[in-house]
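A.B. asks: Numbering follows full-length UniProt numbering, with no gaps: position 261 of the sequence shown is 261.
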Amino acid sequence: MTDVKKTVAVIGNPASNKGRGAAIGERVFKSLSESGMRHGFDVIDLTGDSFENSLSAARAHSDLYDYLVVIGGDGMIALGANAVCGTGKPLGIVAVGSGNDFARGLHLPVNRIRTAVEGIVGAIVCGTHIDVDMGHVRSLNMEPVVQGGSGELVLTEAGNPVEGFVDRYYAGMLNCGLDASINDRANKSHLPGGSVRYAAAVLVELTHMKRYGYHIKAVLADGSVDERDIISPLVTVANARYIGGGIEVSPYSLLSDGMLDLIWIDHMPSVAECAAAVSDAYNGKLLSNRVFGWERVREIEITRADDGDEPPVLMADGEYVGRVPVSVSAAGMSLRMLVPPAVAGWHKRRTQEHVTAAIMRDGRDPITGRFVEA
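(1) Residue ranges of each beta strand (DSSP E) run of no fewer than 3 residues wholly in the region 298-353, ordered along the chain?
(2) What are the uninterrupted segments assigned as beta strand (DSSP E) that are 3 or more residues long and contained completely in the region 227-260, given in chain order?
(3) DSSP on residue 138, reduced to helix/strand/coil?
(4) If we count the other Cβ atoms within 10 Å of its Cβ and call it buried at 16 or more, is residue 367 buried or exposed?
(5) Suppose you measure from the CA of residue 133 to the CA of residue 268; what does that come to, to the nearest Å?
(6) Which one of 231, 4, 214, 181 has the shortest CA to CA distance from residue 199?
(7) Applying the criterion that 16 or more other CB atoms from any shown protein chain within 10 Å of the CB defines a buried residue, is residue 373 buried or exposed?
(8) Measuring only the C-alpha atoms, how far is residue 154 from residue 189?
(9) If you measure between the beta carbons of residue 297 and residue 218, is that distance less than 7 Å?
(10) Out of 72, 67, 20, state which residue places its alpha-carbon closest to the alpha-carbon of residue 6.
(11) Could you tell me how far apart the beta carbons of residue 303 and residue 140 are, in whole angstroms, since I believe they sit closer than 8 Å?
(12) Looking at C-alpha atoms only, which residue of 245, 264, 84 is the closest neighbour of residue 383?
(13) Return yes when the Cβ of residue 105 is within less than 7 Å of the Cβ of residue 240, no when it is not.
(14) Could you say which of 354, 205, 20, 262 lies nearest to residue 312 if we only look at CA atoms?
(15) Count the other C-beta atoms from every protein chain shown that fall within 10 angstroms of the C-beta of residue 337, then say buried if there are 16 or more, exposed otherwise.
(16) How long is the line joining the alpha carbons of residue 29 and residue 15, rounded to whole angstroms?
(17) Tell me whether the beta-carbon of residue 284 lies closer than 7 Å to the beta-carbon of residue 251.
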């Protein structure tokens, strides 16, 4: 019996990088097609003229493909993840965006098109993949208001977010405070390079910090419940480690533990504390700084506290999501990623023991997340 020929669907982002995304998409499509001729798979293009249209095409035509490949940054990865999360269809990434933080955390090539395509082809031929967790954010106590849509936040022509029903998966982080404001400022910046834009946004937003008011009800890793107000400039619910082109906000995140990491600023930091945090942002030791709180959670509800400023529009994977109140949960091992054998081996070696060692190195209790007093 002849094996059924597999099909790879490709989605690019033609509007990205001042229109250069179209040329990159054509290059990837051609390279995958040539590899398909050699290795026996077909390639189709499902790129639409917008994020929503591409997502709709990927969902509507899921019976036409066996693998989905997205080309771009974290926003495109969010598109691909929301298209195939929970289906078992593997997702491949050609990471050529401004941040590429999820790809970086997966140990996949960043801004190396040829290497990325070769890795995807190798994964298809060798049949290698890994299953990873996703975050799932939903509105609390709301009914959908987007008729006939996917439940995503609608944007006006000016790009301003309009509140609506939220129901989406995210790969990296749900940003709920200062980090969302930084992300928003970086998105609107005209500076070259994602890391440069993000670093500049950090410096500006640190001088305008607000005390946002959150009420959280979290189910922790041990099953206990933590319910309280957090009045803070920053609350993040992380699935992966990086944001902003390599800032390791959540160094303890493990993509296969069925958990999310709740990170917040514990008190209004001094100038010295801000400087210390910035210096630790790229070395994996950010959470050794006592200005940050950390808990490992299974799920969490985030609502508005009576005190504090109104939290900004939430962002996930660099995309606008909506506003509190929301519930967030870990969707364990729900996304299948195409990775070459070497990358699959790297993930197998990065175990909970390594993460626990880092937590204890930073002086925290692995269960409670609190600092252990000497």
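In this text, a Cβ means the ideal position worked out from N, Cα and C, and glycines have one as well.
C.D. replies: The answer reads as follows:
(1) With a minimum length of 3 residues, the unbroken runs of beta strand (DSSP E) contained wholly in the region 298-353 fall at 314-316, 319-322, 326-338.
(2) Taken in chain order, the complete beta strand (DSSP E) segments of 3 residues or longer contained in the region 227-260 are 235-238.
(3) For residue 138, the secondary structure class from DSSP, reduced to helix, strand or coil, is strand.
(4) Under this definition residue 367 is an exposed residue.
(5) Note on geometry: alpha-carbon atoms of residue 133 and residue 268 lie some 32 Å from one another.
(6) Among 231, 4, 214, 181, the Cα nearest to that of residue 199 is on 181.
(7) Burial call: exposed.
(8) Note that residue 154 has pLDDT 47, beneath the 50 cutoff, so the model's placement of it is unreliable and the number below is only indicative. Looking at the two C-alpha atoms, the distance is approximately 22 Å.
(9) Contact flag set, yes.
(10) Closest option to residue 6, Cα to Cα, is 67.
(11) Yes, they are in contact, since the Cβ atoms of residue 303 and residue 140 sit about 7 Å apart, within 8 Å.
(12) What the structure shows of the chain is the stretch from 1 to 374, and residue 383 is not part of that stretch, so it cannot be assessed.
(13) Contact: yes.
(14) The shortest Cα separation from residue 312 among 354, 205, 20, 262 belongs to 205.
(15) Buried, since its Cβ has 16 or more Cβ neighbours within 10 Å.
(16) Spanning the two alpha carbons is a distance of roughly 16 Å.
(17) Yes, these two residues count as a Cβ contact at 7 Å.
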